[in-house]
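Colleague: Once you've had a glance at the structure underneath, I'll fire off some questions.
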Amino acid sequence: MKRMGSVPAHPESREPLALHAHAMANLRFIRDTMERAGSFTAVPGMGGMLMGLSALIAAFLAARQPSLDAWLAIWMSEAIVAVSIGVAAAAHKARAVKAPLLTGPGRKFALGLAPSIFVAALVTVVLYRAGLYGVIPGIWLLLYGTGILSGGAFSVPIVPVMGVCFVMLGAIALFCPLEWSHWFLAAGFGGLHIIFGALIAARYGG
Amino acid sequence: MAKTNALRQERRSPAQSVAETAPAKLDRLIHERLRLGILSALAANESLTFNELKKLLKTTDGNLSVHARKLEDAHYVTCTKSFEGRLPKTEYRLTPTGRRALERYLDHMEALIQAMRER
């Protein structure tokens, strides 16, 4: 790396304006480096795989439920289980990063994802009351995908790619019969989580 | 020449807490771009390997090892060498001293910006 030419050897002797600008540039550099470096660890790959596994179990159980209510209850429980796994895995990964200042990327991801999860929960209630079960799986996949996309916008490129996959799957699911929904949910929350979780774990350390 | 002078200065007082005593003085050891980059990257990770740092900071083997060595000499980072199968693996970690130094540097930069705003 080139030595930064614009930083004077003795900044104290320069104009305050230049000093101020250099201080800003230095802070920006530190933040950028930390964020790029933080991307190595922000999204938990192993956690993603565990979430995928729990989703496959949920899909298996949900497909065997006699009523739509029971089906929905299984998936709602799965959502809670998956979020818990995700939070625990992210916290586990973040513990390696000791100072609070440095949790930026993980926080950004959570803040990007949270609104979509909230909207998904709200829309599910509305659709359930309207009896529109058929579109629920598609909406879930779509909103989860958009959440991953916005949360992962500042992360390593593989994260938004996962988001795009969820969105595409959700878009297809929206126009398919309800009977197929088990497969879409299993493929999305199960398959995509496991595949991308494994890739993230392998490439970005855990 | 300025670079050589700066390096000489660092050798004399590597881990001295300059920012504490005089706010006008910078921790020269950190002020260098690549060393600042190494500390920042390690601050966001428990540890990073030599190759990860090299990729992240877009630098060369020689440059990185020279600057990492300086930080190691000042006890700002620790370096552990091991083998992953047959490949040697060099891992760097930030020490508490290094973290404090980085925090002081951040405070220093913020103070400079603050001073400008108050003008």
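So the protein lines, in turn, are chains A and B. Numbering of the first sequence is given in numbering that gives the first Met the number 0, commencing with residue 0 and proceeding in unit increments. Numbering of the second sequence is given in numbering that gives the first Met the number 0, commencing with residue 0 and proceeding in unit increments. Think of the CB as a built atom: it goes at the ideal place given N, C-alpha and C, for glycine as much as any other residue.
Where in the stretch 93-164 of chain A do unbroken runs of the alpha helix (DSSP H), each at least 4 residues long, occur, reported from the N-terminal end onward?
Modeller: 103-129, 135-150
Colleague: Spatial neighbours of W70/A within its chain, please: C-beta separation below 7 angstroms, excluding the five flanking residues on both sides.
Modeller: A61, Q64
Colleague: So what does L86/B bridge to, in DSSP terms?
Modeller: Bridge partners of L86/B: E83/B.
Colleague: Please confirm whether G36/B has its beta-carbon closer than 7 angstroms to some beta-carbon of chain A.
Modeller: For G36/B, the nearest CB of chain A lies under 7 angstroms from its own CB, placing it at the interface with that chain.
Colleague: Evaluate M161/A with the Cβ neighbour count: other Cβ atoms within 10 Å of its Cβ, from every protein chain shown; 16 or more gives buried, anything less gives exposed.
Modeller: buried
Colleague: Identify the contact partners of A22/A in chain B, using a Cβ-Cβ distance below 7 angstroms as the criterion.
Modeller: M108, L111, I112
Colleague: Quick check: the stretch 24-33 of chain A against the stretch 28-46 of chain B, are there 3 or more CB pairs under 8 angstroms?
Modeller: yes
Colleague: Taking 6 angstroms as the limit between beta carbons, can you name the residues of its chain near L140/A, skipping five residues before and five after?
Modeller: F165, L168, G169, A172, G187
Colleague: P95/B lies in the alpha helix (DSSP H); which residues open and close that run?
Modeller: Note, P95/B: alpha helix (DSSP H), 95-116.
Colleague: Under the three-state reduction of DSSP, which class applies to T77/B: helix, strand or coil?
Modeller: Here T77/B sits in strand by DSSP.
Colleague: Rounded to a whole number of angstroms, what is the C-alpha to C-alpha distance between A120/A and M33/A?
Modeller: 33 angstroms
Colleague: Compare the C-beta of L55/B with all C-beta atoms of chain A and state if any pair is closer than 7 angstroms.
Modeller: yes
Colleague: What are the boundary residues of the alpha helix (DSSP H) that S53/A is part of?
Modeller: Note, S53/A: alpha helix (DSSP H), 44-61.
Colleague: Could I get the ranges of all uninterrupted alpha helix (DSSP H) runs contained in the stretch 21-59 of chain B, with 4 residues as the minimum, in chain order?
Modeller: 27-30, 32-42, 49-56
Colleague: What does R35/A touch in chain B if you count any residue whose Cβ is under 8 angstroms from its own?
Modeller: A40, L55
Colleague: Pull up the CB-CB distance for V76/B and G61/B, whole angstroms please, since I reckon it's below 8 angstroms.
Modeller: The pair is not a contact, with the Cβ atoms about 18 angstroms apart (cut-off 8 angstroms).
Colleague: With contact counted as at least three CB pairs below 8 angstroms, one residue from each stretch, are the stretch 192-203 of chain A and the stretch 46-57 of chain A in contact?
Modeller: The answer is yes - the stretch 46-57 of chain A touches the stretch 192-203 of chain A, with three or more Cβ pairs under 8 angstroms.
Colleague: When you compare the CB positions of L38/B and K53/B, do they come within less than 7 angstroms of one another, or not?
Modeller: no
Colleague: Just to make sure I have the definition right: I need the residues of chain B whose C-beta is within less than 8 angstroms of the C-beta of H181/A. Which are they?
Modeller: Those within 8 angstroms of H181/A in chain B number zero; the least Cβ separation is about 40 angstroms.
Colleague: Starting from the C-beta of I29/B, find all residues in its chain whose C-beta is less than 7 angstroms away, skip the five residues before and the five after it, and write them out in chain order.
Modeller: Annotation for I29/B: L35, L38, A100, L101, Y104 place their beta carbon closer than 7 angstroms to its own, counting only its chain and skipping 5 residues before and after.
Colleague: What separation, rounded to the nearest whole angstrom, lies between the Cα atoms of R92/B and S81/B?
Modeller: 14 angstroms
Colleague: Would you please state the rounded distance, in angstroms, between the beta carbons of Y127/A and L177/A? I believe it to be under 8 angstroms.
Modeller: Not really, about 13 angstroms apart at Cβ, beyond 8 angstroms.
Colleague: Looking at the secondary structure, which residues open and close the alpha helix (DSSP H) in which A200/A lies?
Modeller: 192-202
Colleague: Which residue or residues does DSSP assign as beta-bridge partners of R27/A?
Modeller: Looking at the DSSP assignment, R27/A forms no beta bridge with any residue, so it has no partner.
Colleague: So, does the CB of N44/B fall closer than 7 angstroms to a CB anywhere in chain A?
Modeller: With 7 angstroms as the cut-off, N44/B counts as an interface residue toward chain A.
Colleague: Among L148/A, G190/A, V122/A, which one has its Cα closest to the Cα of V134/A?
Modeller: V122/A
Colleague: Out of S46/B, T59/B, L25/B, M108/B, point me to the one whose CA is closest to M23/A's CA.
Modeller: M108/B
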